[in-house]
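Here the structure is laid out as structure tokens; the discussion comes afterwards.
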Amino acid sequence: GAVVSQHPSRVICKSGTSVKIECRSLDFQATTMFWYRQFPKQSLMLMATSNEGSKATYEQGVEKDKFLINHASLTLSTLTVTSAHPEDSSFYICSAPGGANYGYTFGSGTRLTVV
Amino acid sequence: AQKVTQAQTEISVVEKEDVTLDCVYETRDTTYYLFWYKQPPSGELVFLIRRNSFDEQNEISGRYSWNFQKSTSSFNFTITASQVVDSAVYFCALRMYNTDKLIFGTGTRLQVFP
Numbered sequence: 037g038a039v040v041s042q043h044p045s046r047v048i049c050k051s052g053t054s055v056k057i058e059c060r061s062l063d064f065q066a067t068t069m070f071w072y073r074q075f076p077k078q079s080l081m082l083m084a085t086s087n088e089g090s091k092a093t094y095e096q097g098v099e100k101d102k103f104l105i106n107h108a109s110l111t112l113s114t115l116t117v118t119s120a121h122p123e124d125s126s127f128y129i130c131s132a133p134g135g136a137n138y139g140y141t142f143g144s145g146t147r148l149t150v151v
Numbered sequence: 004a005q006k007v008t009q010a011q012t013e014i015s016v017v018e019k020e021d022v023t024l025d026c027v028y029e030t031r032d033t034t035y036y037l038f039w040y041k042q043p044p045s046g047e048l049v050f051l052i053r054r055n056s057f058d059e060q061n062e063i064s065g066r067y068s069w070n071f072q073k074s075t076s077s078f079n080f081t082i083t084a085s086q087v088v089d090s091a092v093y094f095c096a097l098r099m100y101n102t103d104k105l106i107f108g109t110g111t112r113l114q115v116f117p
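Line by line, the protein sequences are chains S and Z.
Heads up: the first sequence begins at 37 in this note's numbering, then just goes up one per residue.
Heads up: the second sequence begins at 4 in this note's numbering, then just goes up one per residue.
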């Protein structure tokens, strides 16, 4: 079935550095990718929607300059957390419409810890 | 506005008990989709079910069953004879027909003790 491969699964970085998270659709084309952030014991909050070949759409309150999203091809979307701070520590999950599960295929998530 | 409410933050049961997780949604649209996902401690989201607004038939899949009631805007999920492996956070989600965005509820953490 459809798979979205998300890497890395876990990353620890120092404050001030940037971290890139990749999501690849392995056997289907993802023209759209949703990026979520999940704080501990909280729900998934949609951060932005990336579309292949165009600018991402950010949800209210999400800093576009801090969370850079690129959707370079029909199979790859990336989220770069720039100048990371400890408050950016969270679980980030991507999701693409399409695939076997009646419309959504989720990546396995990236646990980011900023120290 | 669209909204999903999962009033139960956390539920604890003993193995073999039945447990129902509540989900209430709000939307003015007549066409929409409802989902349930399971999130085990590892973090990945596991799809459980999708139901569209025109299909009010209840569904049973093994120990899982879902009760969709448009009259009360509810889409409740019951686990029969719960097992320790059912311990996870369960999310209910809503999608409008004219968008791909999913609106998640706040989730219910289910703990099943042996």
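Just so you know, even glycine gets a beta-carbon here, dropped at the ideal spot from N, CA and C.
None of these values were measured; they are calculated from a predicted model.
Can you give the beta carbon distance from residue i to residue j, rounded, assuming they're within the 8 Å contact cut?
i: Gln5(Z); j: Met99(Z); result: 6 Å
i: Arg73(S); j: Tyr128(S); result: 6 Å
i: Leu113(Z); j: Val22(Z); result: 7 Å
i: Leu80(S); j: Val117(S); result: Not quite, the Cβ-Cβ distance comes to about 17 Å (not below 8 Å), so this is no contact.
i: Ile82(Z); j: Arg66(Z); result: 6 Å
i: Tyr139(Z); j: Leu48(Z); result: The structure shown does not extend to residue 139(Z), since chain Z spans only 4 to 117, so no value can be given for it.
i: Cys26(Z); j: Ser77(Z); result: 6 Å
i: Cys49(S); j: Val40(S); result: Incorrect: roughly 23 Å between the Cβ atoms, too far for contact.
i: Gln11(Z); j: Leu24(Z); result: 6 Å
Quick one, which of the options has its alpha-carbon nearest residue i's?
i: Thr146(S); options: Lys50(S), Cys59(S) and Phe103(S); result: Cys59(S)
i: Glu99(S); options: Ser144(S), Met83(S) and Leu62(S); result: Met83(S)
i: Thr67(S); options: Asp103(Z), Leu113(Z) and Thr109(Z); result: Asp103(Z)
i: Ile106(Z); options: Gly143(S), Phe70(S), Gln65(S) and Pro122(S); result: Phe70(S)
i: Ser119(S); options: Gln96(S), Ser51(S), Ser61(S) and Lys56(S); result: Ser51(S)
i: Ser113(S); options: Ala92(S), Asp124(S) and His121(S); result: Ala92(S)
i: Gly89(S); options: Asn106(S), Gly37(S), Gln42(S) and Lys102(S); result: Asn106(S)
i: Gln78(S); options: Ser76(Z), Phe71(Z), Phe78(Z) and Ala91(Z); result: Ala91(Z)
i: Asp32(Z); options: Pro44(Z), Asn55(Z) and Ser15(Z); result: Asn55(Z)
i: Gln86(Z); options: Asp58(Z), Tyr28(Z), Glu62(Z) and Val115(Z); result: Val115(Z)
i: Leu62(S); options: Ala132(S), Val150(S) and Thr53(S); result: Ala132(S)
i: Phe64(S); options: Phe103(S), Gly97(S), Leu110(S) and Leu115(S); result: Leu110(S)
i: Pro122(S); options: Ile57(S), Pro76(S), Val150(S) and Pro44(S); result: Val150(S)
i: Cys95(Z); options: Val88(Z), Asn101(Z), Asp89(Z) and Phe80(Z); result: Phe80(Z)
Based on the DSSP output, what are the partners of residue i in its beta bridges?
i: Ser109(S); result: Leu112(S)
i: Tyr35(Z); result: Met99(Z)
i: Cys59(S); result: Gln42(S) and Ser113(S)
i: Ala84(S); result: Trp71(S) and Tyr94(S)
i: Leu24(Z); result: Phe80(Z)
i: Phe107(Z); result: Ala96(Z)
i: Lys50(S); result: In the DSSP output, where bridge partners are listed per residue, Lys50(S) has none listed.
i: Pro117(Z); result: Answer is none; Pro117(Z) lacks a bridge partner.
i: Lys6(Z); result: Glu29(Z)
Flag residue i as yes if its beta-carbon sits less than 9 Å from any beta-carbon of chain S, otherwise no.
i: Phe50(Z); result: yes
i: Glu18(Z); result: no
i: Ser45(Z); result: yes
i: Phe1(Z); result: Chain Z is shown only over 4 to 117; residue 1(Z) falls outside these bounds and no answer can be derived.
i: Gly65(Z); result: no
i: Leu97(Z); result: no
i: Leu105(Z); result: yes
i: Phe118(Z); result: Absent from the structure is residue 118(Z), since the part of chain Z shown begins at 4 and ends at 117.
Using a Cβ cut-off of 9 Å (strictly closer), state whether residue i contacts chain Z.
i: Ser86(S); result: no
i: Lys77(S); result: yes
i: Tyr94(S); result: no
i: Arg147(S); result: yes
i: Ser126(S); result: no
i: Gly143(S); result: yes
i: Ile105(S); result: no
i: Tyr70(S); result: The sequence shown places Phe at residue 70(S), not Tyr. Yes, contact with chain Z.
Contiguous beta strand (DSSP E) assignments of at least 3 residues, all confined to the stretch 39-93 of chain Z: Within the stretch 39-93 of chain Z, the beta strand (DSSP E) runs of at least 3 residues that lie entirely inside it are, in chain order, 49-55, 62-64, 67-72 and 77-82.
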